[in-house]
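Trainee:
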Amino acid sequence: MNSNNLDILITEYISKDLEENDKHFFSSKLAILDTIGCIIEASSHDDVVQFASKNNLSLNFKNPFKNLTVNQSYEDISWYLTVLTRWFDYNDTFLAKEWAHPSDNFGSIYSYFSKNDNYKFNDFTNALTKAYEIQGSLCLGTSLNKLGYDHVFYVKLASGSVFSYLVNNGDTSAVRRTVNNILLDGPTLRAYRHFPNVGKRKSWAAADASRRGIELSIISSHKDEIYESVQNEDKWGFESSFLDSSKIEFG
């Protein structure tokens, strides 16, 4: 990935079929099992489950997945699972120019497949892989932390764009619109990860980002402008406003 047009590049990547092989499938299963382990461990703490499940009337603390119902929104499912994934900082870590926890994307992708059962397991693993790859490639190419912004912005981009492709049945205009709406939304500060402002936001920031990515993907399903120059418009664009006119790039 070496182009600077994120909306086009991401949409083209998501639209292509992945090359499936045993190594990819095995790695995907390991990543999923690791994330499920984090979710189950966090679910053994009542206060964590209650925080993650703030909209649930009935809670099951032994099997966190039994708290999910078809009546819950995509956003609420993603919030719930991502809070449990991240709460104790046990989940996977990827270090590059930017830092990342790829499984921060698990909740958003799972939320779609939990409410739409006409898919195979490898459809889920392929969607999850694409979200992981988008976040990872952005981390390899562009640092946000050096400018004071938080890495969960890439979760919002990765989760939001892949979810958009799923929920909009592959509508490439909707995916491009989603990417650019996320750029318009912008990143958040990372001050809560550093003294003297460290706090529990560290444990729910990714859930907030994944939920917002889903929200923007649903908003972007409605016909609107694609906002195709928002990334690099000289005065009001994303790179001018947030990156001191440097480029956001894939590594």
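Under numbering that gives the first Met the number 0, the first residue of the sequence shown carries the number 0, and numbering increases by one thereafter. Don't be surprised by glycine CBs; every beta carbon is placed ideally from N, CA and C. These numbers were taken from a predicted model, which means no experiment stands behind them.
(1) Work out the CA separation of S239 and K119 for me, nearest whole Å.
(2) For the alpha helix (DSSP H) containing Q134, name the first residue and the last one.
(3) Among S228, D149, V166, S163, which one has its Cα closest to the Cα of H100?
(4) With DSSP as the reference, label F162 as helix, strand or coil.
(5) Give a yes or no on whether the C-beta atoms belonging to S107 and D91 are separated by under 8 Å.
(6) Helix or strand or just coil, what does DSSP make of A95?
(7) CB-CB under 7 Å to R200, same chain, minus the five flanking residues each way: which ones, in chain order?
(8) Please identify the residue among F105, L127, S14 whose C-alpha is closest to the C-alpha of G169.
(9) Name, in chain order, the residues that DSSP records as bridge partners for L32.
(10) Are the beta-carbon atoms of A41 and F87 separated by less than 8 Å?
(11) Would the beta-carbon of L215 fall within 8 Å of that of G159?
(12) Please classify L182: does DSSP put it in a helix, a strand, or coil?
(13) Tell me whether Y73 sits in a helix, a strand or coil according to DSSP, three-state version.
(14) Is V229 near L188, with beta carbons less than 8 Å apart?
(15) If you count every other CB in all the chains shown that lies within 10 Å of the CB of D6, and 16 or more means buried, which is it?
(16) Answer yes if the stretch 207 to 227 comes into contact with the stretch 162 to 178, meaning at least three C-beta pairs across the two stretches below 8 Å, and no otherwise.
(17) How far does the alpha helix (DSSP H) with F105 in it extend, from its first residue to its last?
(18) Contact check, N117 vs E19 under 8 Å by CB: the rounded distance?
(19) What's the C-alpha gap between G147 and G140?
Mentor: If we stick to the structure as given:
(1) Locating residue 119 in the sequence shown gives position 120, where the first residue counts as 1. Locating residue 239 in the sequence shown gives position 240, where the first residue counts as 1. Going from the Cα of K119 to the Cα of S239 covers about 42 Å.
(2) Taking the first residue of the sequence shown as position 1, residue 134 is located at position 135. From DSSP, the alpha helix (DSSP H) with Q134 extends over 120 to 140.
(3) Position 101 of the sequence shown, counting from 1, holds the residue named residue 100. When each option's Cα is compared against that of H100, the closest is D149.
(4) Counted from its first residue, the sequence shown places residue 162 at position 163. Three-state DSSP puts F162 in a helix.
(5) Sequence index remark: in the sequence shown, residue 107 carries index 108 (1-based). Sequence index remark: in the sequence shown, residue 91 carries index 92 (1-based). No, the Cβ-Cβ distance between S107 and D91 is not below 8 Å.
(6) The sequence position of residue 95 within the sequence shown is 96, counting from 1. A95: coil per DSSP, three-state reduction.
(7) As a working mapping, residue 200 is identified with position 201 in the sequence shown. Cβ neighbours of R200 beyond the five flanking positions: Y191.
(8) Along the sequence shown, one-based indexing puts residue 169 at 170. Cα-wise, what sits closest to G169 is S14.
(9) In the sequence shown, counting from the first residue as 1, residue 32 sits at position 33. Its beta-bridge partners do not exist; DSSP assigns none.
(10) Within the sequence shown, numbered from 1, the residue matching residue 41 stands at position 42. Within the sequence shown, numbered from 1, the residue matching residue 87 stands at position 88. Against a cut-off of 8 Å, the Cβ pair of F87 and A41 comes out as a contact.
(11) The residue given as residue 215 occupies position 216 in the sequence shown. The residue given as residue 159 occupies position 160 in the sequence shown. Their beta carbons are under 8 Å apart, which means L215 touches G159 by this criterion.
(12) Along the sequence shown, read from residue 1 onward, the residue named residue 182 stands at position 183. It is helical.
(13) The count along the sequence shown starts at 1 and reaches residue 73 at position 74. In this structure, Y73 counts as helix in the three-state DSSP scheme.
(14) Along the sequence shown, read from residue 1 onward, the residue named residue 229 stands at position 230. Along the sequence shown, read from residue 1 onward, the residue named residue 188 stands at position 189. No, the Cβ-Cβ distance between V229 and L188 is not below 8 Å.
(15) The residue you call residue 6 lines up with position 7 of the sequence shown. The residue in question, D6, is buried, as its Cβ has 16 or more Cβ neighbours within 10 Å.
(16) yes
(17) As a first step, residue 105 must be located in the sequence shown, where it is residue number 106. Counting along the chain, the alpha helix (DSSP H) containing F105 begins and ends at 105 to 114.
(18) Numbered from 1 along the sequence shown, position 118 holds the residue referred to as residue 117. Numbered from 1 along the sequence shown, position 20 holds the residue referred to as residue 19. Actually they do not touch by this definition, with Cβ atoms about 19 Å apart.
(19) Reading the sequence shown from its first residue, position 148 is the one you call residue 147. Reading the sequence shown from its first residue, position 141 is the one you call residue 140. Computed Cα separation, rounded: 16 Å.
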